[in-house]
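Residue numbers (the working numbering): 494 to 935.
We put the CB at the ideal spot given by N, CA and C, even for glycine.
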């Protein structure tokens, strides 16, 4: 006879929690793996696990009302005839027309231009609205080649060769049929309404030697004017950064697993790649070992949310950051005012489970003309510009408190870590000590 103590509530398994049980039942019922957008939802060590050590006597702080703190950054100084000058080191990551509505892409361009920074096309080609409203536009060159043409390569201000993304390093993206409208189908040379999957690797190279050839080809097409970025997902950051530099990149973009995607397998998003925090120091070490730190610029993306995150990424050695999810939130994505309609989709505002469905009530991750019309690109652009301004001011405030008159003068010595994991990943001391895991004795 079994006996249950009435004073003890039933105990559920930490391994087989409610979400895991629901996923097993869904897989058993459908025989289909789960597809969704955004980045990882699991908790991983992140910038919240780091703190700045403000100046006092040993270091002298700067007075915010009288002493300047430079936020500008120049990208592409290695080989490009026309490097990019940005007023802030916060850029807008690649998000495609197709994944996003035309109004959303226009809003991103408007906001970035007001703030004096760049935006990026994403997969699927360049729209006239995006080019027209983006003072500085980076054109992504992806394995799919969707929408790629030499004319748009020349219309861009920089070219980003995408080898991988943080949400799915080693895997290709998806765009479900409900988001492939007539215009998207025409730009990508695809049948309307049919699910599309992007390739996981470029069709015309099999290794770093071929990448060097491709970069030279892109330079010749654009008369060596445009900076060439290489974007990699955070998996083997030391070697991937080193190989990108040796292949001739002007800029390396490194995307951690908190970086979002329009749609891919959930098992990929949650189980492939490394946290953004773990990616930065190995990439910086690769640049330093090659004598190329600050000569080849490093852009970090994946879970950047605030000026504090920006300052921490720069202190660890990055030259700039890129934001995607945060930019979409700034222009209105997953706004609680649409909660009732999100619930009708089987989700809730803030869950980011709807990006792949094409039914976004906010009019951002959709190709439905009625939904897309809900987003005013002018007002949304102003919201993004405000957000970028606040992030920049926050980063400046921290830099001044650390005695720095330029954001990129922040350094690892300005940081300490709250956890062993963060200390090991960032290679900065555990708070109250001079030690981090791997350094040696206290």
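Identify every residue that forms a DSSP beta bridge with residue 612. Checking the DSSP bridge columns, you'll see residue 612 partnered with 630.
Option in 912, 578, 921 and 873 with minimal Cα separation from residue 596: When 912, 578, 921 and 873 are compared, the shortest CA-CA separation from residue 596 is found for 873.
Straight-line Cα distance separating residue 932 from residue 598: In a straight line, the C-alpha of residue 598 is about 45 Å away from that of residue 932.
For a minimum of 3 consecutive residues, which ranges assigned as the beta strand (DSSP E) are wholly contained in the region 661-743? If only complete runs of 3 or more residues are kept, the region 661-743 shows the beta strand (DSSP E) at 721-726, in order along the chain.
Tell me which same chain residues have a C-beta within less than 6 Å of the C-beta of residue 724, skipping the five on either side of it? Short of 6 Å from the beta carbon of residue 724, and not among the five residues preceding or following it, lie these beta carbons of its own chain, in chain order: 653, 655 and 746.
Which one or two residues does DSSP pair with residue 793 in a beta bridge? For residue 793, which the question treats as bridged, DSSP gives the partners 747 and 814.
Which of the three DSSP states is assigned to residue 557 in this structure? In the three-state reduction of the DSSP assignment, residue 557 falls in the coil class.
Is residue 639 helix, strand or coil by DSSP? Assigned with DSSP and collapsed to three states, residue 639 falls in coil, not helix or strand.
Rounded straight-line distance, which links the Cα of residue 531 to that of residue 464: Past the boundaries of the shown model lies residue 464; the chain is included only from 494 to 935, so the question cannot be answered.
Tell me which residues share the same chain as residue 976 and place their Cβ nearer than 7 Å to its Cβ, disregarding the 5 neighbours each side in the sequence. Look at the range of the chain in this structure, 494 to 935, and you will see that residue 976 is not part of it.
Counting Cβ pairs closer than 8 Å, one from the region 778-798 and one from the region 728-735, do we hit at least three? Below 8 Å, enough C-beta pairs join the region 778-798 and the region 728-735 to call them touching: three or more.
Rounded to whole angstroms, what's the CA-CA distance from residue 682 to residue 584? Just pull it up for me. When rounded, the distance between both Cα atoms is 29 Å.
Which residues mark the beginning and the end of the alpha helix (DSSP H) in which residue 803 is found? Unbroken alpha helix (DSSP H) run through residue 803: 800-808.
Just the Cα atoms here: how many angstroms apart are residue 541 and residue 802? Computed Cα separation, rounded: 8 Å.
Could you give the DSSP three-state label for residue 840: helix, strand or coil? In this structure, residue 840 counts as coil in the three-state DSSP scheme.
Beta-carbon contacts of residue 844 that lie in its chain and below 6 Å, excluding the five residues immediately before and after: Excluding sequence neighbours, residue 844 sits near nothing in its chain.
To the nearest whole angstrom, what separates the beta carbons of residue 659 and residue 748, a pair I think is in contact under 8 Å? Sure, about 3 Å apart at Cβ, within 8 Å.
Below 8 Å on the Cβ atoms is my contact criterion, and I expect residue 796 with residue 669 to pass it. Report the Cβ-Cβ distance as a whole number of Å. Not confirmed; about 25 Å, so no contact.
Under 8 Å Cβ to Cβ from residue 519, same chain only, skipping five residues before and after it: list those, please. Non-local beta-carbon contacts of residue 519 in its own chain, meaning distances under 8 Å to residues more than five positions away in sequence, involve 527 in chain order.
Determine the DSSP secondary structure at residue 758, reduced to helix, strand or coil. Residue state, collapsed to three classes: strand.
For residue 578, does the three-state DSSP call read helix, strand or coil? Here residue 578 sits in strand by DSSP.
Please list the terminal residues of the continuous alpha helix (DSSP H) segment that includes residue 863. Element bounds for residue 863: 862-865.
Backbone secondary structure at residue 934 - three-state DSSP: Note that residue 934 has pLDDT 49, beneath the 50 cutoff, so the model's placement of it is unreliable and no number is given.
Cut-off 8 Å between Cβ atoms - residues of its own chain near residue 501, not counting five sequence neighbours on either side: Excluding residues within five positions, none has a Cβ falling inside 8 Å.
Could you name the residues that DSSP lists as bridge partners for residue 563? Answer is 899, bridged to residue 563.
By DSSP, does residue 529 sit in helix, in strand, or in coil? Residue state, collapsed to three classes: strand.
To the nearest angstrom, how far is the alpha carbon of residue 601 from that of residue 611? For residue 601 and residue 611, the distance between alpha carbons rounds to 9 Å.
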